[in-house]
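> Structure in structure tokens, see below.
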């Protein structure tokens, strides 16, 4: 009442004279006569925490608030109010009532809930003497709780309404809607753009070693029992991050060596049990940990990769068999983790179309597309890459497969060499364009888009009539729609009629979480020049 009367007086030109007037220096500027509160609403505004504003000063009110927080175990951030349970609290065996709930209807956290949050037993008795409070709760904004966004595995900084408690980076947290509804269990990282990576969407399935091990076993079973990839060779992806329910974790198999990369701080700190599980399931000669690509170590606050973490490497380099072709692998080196397993199905598809054709493999890296086309009976195969290491690897792989006389490998930069080929009047029946990432960050989107337009225009101009172009983008920030628009603009600038034969992506050993379209980083279009 005192506040409302003071504000009303200010509208009449009077001075704001409450004991806390200094906290309202702009009251006369902010509040307007149209915001006057009628008597009915005035009656509903009761005192806060049982301390009437008119009866005490600011320090007394703050003391009351602090006492309330200590009683309830709350952080400084206010939590959403829940309805009080009807009726008095039940009595225990001694006749005493249970501890009262916090103001606002929120019960003090039970031992059982704290243990579950830590992944322990659900018995409150077993937690005696060792229970720690749950690290924290992350509340999401209403826009992030919409049905279509609810199961997206990434919680961005802009999605967070507030954080309750003091979770440390890497802690398991509970994610809730603003009204307190459970949404998910996740791994928190306050220094990352992705504040929480969601792992489980069941309230009774907290993040624990058993859950992570089960996810890993499921990932291996998909490759071995469903896809039967060992029948096609000993090189493939074993774990694909969100697609296998282990956000940030990638595991590739190169023969008897496993290569692990982790871009999630929370999962990196829980990596040892997963390494144990890999040893039990596959008995590899060695497991090698490598850094994730780019500057993710800095952005995510990750520890540096440790190299060989289990077993002993049989050699610094080895061989891997993929669909009948052998590739050399330098463990813990090379782009990604040594070989582009995501292009496996695309390599096989392009090879089916290569017989009797003149083939250009641009940005060839280890030579996957070009070598497969040569083995399939291509008339001529020209491979080139700007990297000296890549071209050396492609030549070695050609020798390894007895195809050195069937391919030509050149070291050259993408745009100058495509222009040089056009100036010489060269024409090809099949062009593969698999360039490096043109859009490393969202701020580079427009520049990268222009790069895709120019590269695809030059590639289309090298096609003979009826020729085929398989063009790719591995840029996360380049959506399938944007990529298709860039290729369409390239065809328009080349003044050519082009039709789409197939839209392609990564192979099934790179499963995609349906709720995370950003995981579709590899886009491919198979086109024909009319």
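Numbering (the numbering used here), first residue to last: 1402 to 1931.
For glycine and all other residues, C-beta sits at the position ideal for the given N, C-alpha and C.
(1) If you reduce the DSSP assignment to three classes, tell me which class residue 1613 lands in.
(2) Can you tell me the Cα-Cα spacing of residue 1901 and residue 1612, whole angstroms?
(3) Is the beta carbon of residue 1635 less than 8 Å from the beta carbon of residue 1726?
(4) When you compare the CB positions of residue 1854 and residue 1878, do they come within less than 8 Å of one another, or not?
(5) Does residue 1731 come out as helix, strand or coil in the three-state DSSP assignment?
(6) Could you check if residue 1605 is buried or exposed, using at least 16 other CB atoms within 10 Å of its CB as the buried criterion?
(7) Quick check on DSSP: helix, strand or coil for residue 1634?
(8) Can you give me the start and stop residues for the beta strand (DSSP E) that residue 1585 sits inside?
(9) If you count every other CB in all the chains shown that lies within 10 Å of the CB of residue 1911, and 16 or more means buried, which is it?
(10) With DSSP as the reference, label residue 1569 as helix, strand or coil.
(11) So, under 8 Å CB-CB, residue 1917 and residue 1553 are touching, yes? Tell me the CB distance rounded to an integer number of Å.
(12) Where does residue 1592 sit, in a helix, a strand or coil, going by DSSP?
(13) Within its chain, find whatever has a CB closer than 7 Å to the CB of residue 1568; leave out the 5 residues flanking it on each side and keep chain order.
(14) Just reading off the alpha helix (DSSP H) that residue 1700 is part of, what are its end residues?
(15) Which term fits residue 1874, buried or exposed, when burial requires 16 or more other beta carbons within 10 angstroms of its beta carbon?
(16) By DSSP, does residue 1836 sit in helix, in strand, or in coil?
(17) Apart from the five residues on each side of it in sequence, which residues of its chain come closer than 7 Å, Cβ to Cβ, to residue 1754?
(18) So is residue 1664 buried or exposed if we call it buried at 16+ other beta carbons inside 10 Å?
(19) Can you give me the start and stop residues for the alpha helix (DSSP H) that residue 1810 sits inside?
(20) Three or more C-beta pairs under 8 Å: does that hold for the stretch 1692 to 1700 against the stretch 1767 to 1785?
(21) Taking the Cβ atom as the reference point for each residue, do residue 1838 and residue 1876 lie within a distance shorter than 8 Å?
(22) In this structure, what does DSSP give as the bridge partners for residue 1686?
(23) With the cut-off set at 8 Å, would you say residue 1622 and residue 1657 are in Cβ contact?
(24) Ignore the nearest five residues each way along the sequence and tell me which others in residue 1599's own chain have a CB closer than 6 Å to its CB.
(25) Which ranges would you report for the beta strand (DSSP E) in the stretch 1819 to 1897 if only whole runs of at least 3 residues count?
(26) For a quick check, are the C-beta atoms of residue 1861 and residue 1761 less than 8 Å apart?
According to the data block:
(1) As a position in the chain shown, residue 1613 is number 212, starting the count at 1. In the three-state scheme derived from DSSP, where H, G and I count as helix and E and B as strand, residue 1613 is classed as helix.
(2) Against the chain shown, residue 1901 aligns to sequence position 500. Against the chain shown, residue 1612 aligns to sequence position 211. Rounded to whole angstroms, residue 1901 to residue 1612 spans 43 Å at the Cα level.
(3) As a working note, residue 1635 is residue 234 in the chain shown. As a working note, residue 1726 is residue 325 in the chain shown. No, they are not a contact pair.
(4) On the chain shown, residue 1854 is found 453 positions in, with the first residue counted as 1. On the chain shown, residue 1878 is found 477 positions in, with the first residue counted as 1. No.
(5) Mapped onto the chain shown, residue 1731 falls at position 330. When DSSP states are grouped into helix, strand and coil, residue 1731 belongs to the strand group.
(6) Translated into the one-based positions of the chain shown, residue 1605 becomes position 204. Sixteen is the threshold: since fewer than 16 other Cβ atoms of the shown chains lie within 10 Å of the Cβ of residue 1605, the residue is exposed.
(7) The count along the chain shown starts at 1 and reaches residue 1634 at position 233. In the three-state reduction of the DSSP assignment, residue 1634 falls in the strand class, which pools E and B.
(8) Residue 1585 sits at position 184 when you count from the first residue of the chain shown. Segment 1583 to 1589, the beta strand (DSSP E) holding residue 1585.
(9) By 1-based counting over the chain shown, the position of residue 1911 is 510. Buried, because 16 or more other Cβ atoms sit within 10 Å of the Cβ of residue 1911.
(10) Taking the chain shown and counting its residues from 1, the one referred to as residue 1569 is at position 168. Three-state result, residue 1569: coil.
(11) Numbered from its first residue, the chain shown carries residue 1917 at position 516. Numbered from its first residue, the chain shown carries residue 1553 at position 152. Going by Cβ atoms, the distance from residue 1917 to residue 1553 rounds to 6 Å, so yes, they are a contact pair.
(12) Here residue 1592 corresponds to residue number 191 of the chain shown, with the count starting at 1. In the structure shown, the three-state DSSP call for residue 1592 is coil.
(13) The residue given as residue 1568 occupies position 167 in the chain shown. Counting only Cβ-Cβ distances below 7 Å, and skipping sequence neighbours, we find 1536, 1537, 1574 and 1589.
(14) Counting from one through the chain shown, the residue named residue 1700 turns up at place 299. Counting along the chain, the alpha helix (DSSP H) containing residue 1700 begins and ends at 1697 to 1701.
(15) The count along the chain shown starts at 1 and reaches residue 1874 at position 473. Buried: at least 16 other Cβ atoms inside 10 Å.
(16) On the chain shown, position 435 is the one that residue 1836 refers to. Reduced to three states, the DSSP call for residue 1836 is coil.
(17) Looking up residue 1754 in the chain shown gives position 353. Excluding sequence neighbours, residue 1754 sits near 1831 and 1869.
(18) Taking the chain shown and counting its residues from 1, one reaches residue 1664 at position 263. Buried, by the Cβ-count rule.
(19) The residue labelled residue 1810 in the question sits at position 409 within the chain shown. Annotation: residue 1810 is outside any alpha helix (DSSP H); the continuous beta strand (DSSP E) that includes it extends over 1809 to 1812.
(20) With the rule of 3 Cβ pairs closer than 8 Å, the stretch 1692 to 1700 does not count as touching the stretch 1767 to 1785.
(21) Residue mapping note: residue 1838 aligns to position 437 of the chain shown, counting from 1. Residue mapping note: residue 1876 aligns to position 475 of the chain shown, counting from 1. For residue 1838 and residue 1876, yes; Cβs fall inside 8 Å.
(22) Position 285 of the chain shown holds residue 1686. According to DSSP, residue 1686 bridges with nothing at all.
(23) For the purposes of this step, residue 1622 is identified with residue 221 of the chain shown, where counting begins at 1. For the purposes of this step, residue 1657 is identified with residue 256 of the chain shown, where counting begins at 1. Taking 8 Å as the Cβ cut-off, residue 1622 and residue 1657 do not qualify as a contacting pair.
(24) As a position in the chain shown, residue 1599 is number 198, starting the count at 1. Only 1554, 1585 and 1587 meet the Cβ criterion.
(25) Counting only runs of 3 or more, we get 1829 to 1834 and 1864 to 1874.
(26) Working through the chain shown from its first residue, we reach residue 1861 at position 460. Working through the chain shown from its first residue, we reach residue 1761 at position 360. No; because the gap between Cβ atoms is not below 8 Å, this pair is not in contact.
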